[in-house]
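S.K.:
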Amino acid sequence: MAIPARMIICCQSFRAAGDPKGICNKQTDGFLQYIEEEILDRGMDALVVGSTCLKQCESGPIMVIQPENWWFKGVDSEEAIDAILDGLEDGEPCAEYLAG
Numbered sequence: 078m079a080i081p082a083r084m085i086i087c088c089q090s091f092r093a094a095g096d097p098k099g100i101c102n103k104q105t106d107g108f109l110q111y112i113e114e115e116i117l118d119r120g121m122d123a124l125v126v127g128s129t130c131l132k133q134c135e136s137g138p139i140m141v142i143q144p145e146n147w148w149f150k151g152v153d154s155e156e157a158i159d160a161i162l163d164g165l166e167d168g169e170p171c172a173e174y175l176a177g
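Numbering-wise (my numbering), the sequence shown opens with residue 78 and increments by one.
(1) Give the DSSP-derived three-state secondary structure of S154 in the structure shown.
(2) Please report the straight-line C-alpha distance between I112 and G120, rounded to a whole angstrom.
(3) Quick check: the Cα distance between E145 and A176, rounded to an integer number of angstroms?
(4) Which whole-angstrom value is the C-beta distance of E115 and I158, which I expect to be below 8 Å?
(5) Name the residue from P81, F108, I86 whose alpha carbon lies nearest to the alpha carbon of C130.
(6) What residue does the alpha helix (DSSP H) around L109 start on, and which one ends it?
(7) Excluding sequence positions up to five away, which residues of its chain have a Cβ less than 7 Å from the Cβ of P81?
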């Protein structure tokens, strides 16, 4: 299996004790599947990964794209995901959701 060009990381709020604490998992039900379907439809070379807490709860839900190290905040809709993926395809981070 080839190593993908990018990794799309989505916070799922899980902490060391195993229980969800933040807001990311509460506001992103179905998002991992949606992102996976979108990258396949767009022909993008990326792996979608759900992560433990990324410790950015005040800005969540959080999505990170590596290796660019683009952190996105407030990713709480399919429209937000689409805008972020559009920017990725264009080679520029979507400023509307860019954290930092």
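Heads up, the beta-carbon is just placed ideally off N, CA and C, and yes, glycines get one too.
Quick caveat, the model's predicted, so the values are computed rather than measured.
M.R.: Let me spell this out:
(1) coil
(2) 12 Å
(3) 13 Å
(4) 7 Å
(5) I86
(6) 108-119
(7) D122, A123, L124
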